[in-house]
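FYI, in the numbering used here the residues of the sequence shown are 18 to 324.
Glycine residues also receive a C-beta, built at the ideal position from the N, C-alpha and C atoms.
Please read the structure below before turning to the comments.
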Amino acid sequence: MSEVILQTQELTRRYGHTVALDRASITVEKGQIFGLVGRNGAGKTTLIRLISGQSVPTSGQISLFGQTSDSGLNKARSRTGAMVEIPSFYPYLTARQNLEYYRIQRGIPGKNCVEEALELVNLTDTGKKKFKTFSLGMKQRLGLALALMNQPEFLLLDEPINGLDPEGIVEFRELLLRLNRERQTTILISSHILSELSALATHYGFIEKGKVLETISGADLREKCRECLELTVDDAPRAARVLEQQLGTRDYEVLPGNQLRVYAFLDDPQTVNRTLLEQGVGLISTQQKDSNLEDYFLNLIGGRHHG
Ligand SMILES: Nc1ncnc2c1ncn2[C@@H]1O[C@H](COP(=O)(O)OP(=O)(O)OP(=O)(O)O)[C@@H](O)[C@H]1O
Numbered sequence: 018m019s020e021v022i023l024q025t026q027e028l029t030r031r032y033g034h035t036v037a038l039d040r041a042s043i044t045v046e047k048g049q050i051f052g053l054v055g056r057n058g059a060g061k062t063t064l065i066r067l068i069s070g071q072s073v074p075t076s077g078q079i080s081l082f083g084q085t086s087d088s089g090l091n092k093a094r095s096r097t098g099a100m101v102e103i104p105s106f107y108p109y110l111t112a113r114q115n116l117e118y119y120r121i122q123r124g125i126p127g128k129n130c131v132e133e134a135l136e137l138v139n140l141t142d143t144g145k146k147k148f149k150t151f152s153l154g155m156k157q158r159l160g161l162a163l164a165l166m167n168q169p170e171f172l173l174l175d176e177p178i179n180g181l182d183p184e185g186i187v188e189f190r191e192l193l194l195r196l197n198r199e200r201q202t203t204i205l206i207s208s209h210i211l212s213e214l215s216a217l218a219t220h221y222g223f224i225e226k227g228k229v230l231e232t233i234s235g236a237d238l239r240e241k242c243r244e245c246l247e248l249t250v251d252d253a254p255r256a257a258r259v260l261e262q263q264l265g266t267r268d269y270e271v272l273p274g275n276q277l278r279v280y281a282f283l284d285d286p287q288t289v290n291r292t293l294l295e296q297g298v299g300l301i302s303t304q305q306k307d308s309n310l311e312d313y314f315l316n317l318i319g320g321r322h323h324g
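Structure (structure tokens):
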């Protein structure tokens, strides 16, 4: 198993009667891009603020780079970078001046880091342009540059894609992939749109009403959402034999309840149905299933109109 960067255990945060985060347990390992997916108000920001130390938990534990004590966590947090919302940059300062201000304020040594961070987010040629004239995409990228200035090993990003145009989204995604590939930066990124993260995340955590409902690897999620023919039969072992011997495919799986998922013959389901019937398999139901990622998420949290 690779190094555990973050582990939260039963992490809870209440605001008065509101339980913003309810016993949330997640684990993020080195090199992962962990997508935290949940609707507005689900608790994503609360979780990220607790991890980055901007808020304190009501109960539960955070382990960051193996550190759990207050002083240990403080030290560990110097190895992280966080973008929870666009930081309050000075409107009349340039990108460089704003970063330099924060570099000094945070005591980050070496002036080079400003230029390096600007280069990473592609903002080196903004020259004398003042922050107040930046597009939203540029503001987001400057926010990311600030989070990157201390060369973090672990990056926490709360809805960074929100409000970006399609081109901005692609650029932002490529940058994160590059950081992950070239610097092995581990990333925790939240979004309320699962498909936004699907080209990025290696792992997912689904959160709703403060609770982490499921964590799953990207590979397992894709497998669950794979297009298939879902058959309910009266005799699954017999149906499996027909699939292998008559139809020559092993690309299927048998589920409980005499159900089978067939990943072959997607263009020709009739052949499967006919052959099974010819071989004496009773076909109770058959349907073509193509659950996309968004449907999966909506099913998990109980539907589009839920809550
Ligand atoms: N400082 C606070 N005071 C009171 N309630 C809060 C506070 N911060 C968050 N909450 C409440 O906690 C719940 C979770 O909010 P949170 O901001 O973590 O959700 P989110 O998933 O990040 O949603 P969004 O994308 O809308 O920010 C919400 O019901 C919210 O109203």
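Residue i vs residue j beta-carbon contact at 7 angstroms
i: residue 209; j: residue 309; result: no
i: residue 69; j: residue 214; result: no
i: residue 22; j: residue 202; result: no
i: residue 160; j: residue 103; result: yes
i: residue 25; j: residue 43; result: yes
i: residue 20; j: residue 40; result: no
i: residue 138; j: residue 99; result: no
i: residue 293; j: residue 256; result: yes
i: residue 250; j: residue 298; result: yes
i: residue 148; j: residue 108; result: yes
i: residue 230; j: residue 317; result: yes
i: residue 266; j: residue 260; result: yes
i: residue 67; j: residue 112; result: no
i: residue 38; j: residue 64; result: yes
i: residue 175; j: residue 101; result: yes
i: residue 219; j: residue 49; result: yes
i: residue 134; j: residue 166; result: yes
i: residue 205; j: residue 45; result: yes
i: residue 97; j: residue 177; result: no
Residue i - partner residues in DSSP beta bridges
i: residue 41; result: 28
i: residue 94; result: In DSSP, residue 94 forms no bridge with anything.
i: residue 84; result: 81
i: residue 221; result: 52 and 233
i: residue 107; result: Answer is none; residue 107 lacks a bridge partner.
i: residue 302; result: 249
i: residue 35; result: 32
i: residue 46; result: 21
Range covered by the beta strand (DSSP E) that runs through residue i
i: residue 187; result: Here residue 187 belongs to no beta strand (DSSP E); instead the alpha helix (DSSP H) covers 183-199.
i: residue 245; result: 245-250
i: residue 278; result: 276-279
i: residue 80; result: 76-81
i: residue 232; result: 228-234
i: residue 173; result: 171-175
Alpha helix (DSSP H) segment containing residue i, residue limits
i: residue 318; result: 310-318
i: residue 146; result: Unbroken run through residue 146: none, as it is neither H nor E.
i: residue 206; result: Residue 206 -> not in any alpha helix (DSSP H); beta strand (DSSP E) instead, spanning 203-208.
i: residue 259; result: 253-262
i: residue 293; result: 286-295
i: residue 131; result: 129-137
i: residue 270; result: Looking at the DSSP string, residue 270 is not in any alpha helix (DSSP H); the run it does join, the beta strand (DSSP E), is 269-272.
i: residue 65; result: 61-69
i: residue 161; result: 153-165
i: residue 212; result: 211-214
i: residue 283; result: Element bounds for residue 283: n/a, residue is neither H nor E.
i: residue 117; result: 112-123
Taking 8 angstroms as the cut-off, does the segment 21-33 touch the segment 183-196 (at least 3 CB pairs, one atom from each stretch)? no
So, does the segment 40-55 touch the segment 216-225, judging by three or more C-beta pairs under 8 angstroms? yes
For the segment 226-246 against the segment 294-312, are there 3 or more C-beta pairs whose distance is under 8 angstroms? yes
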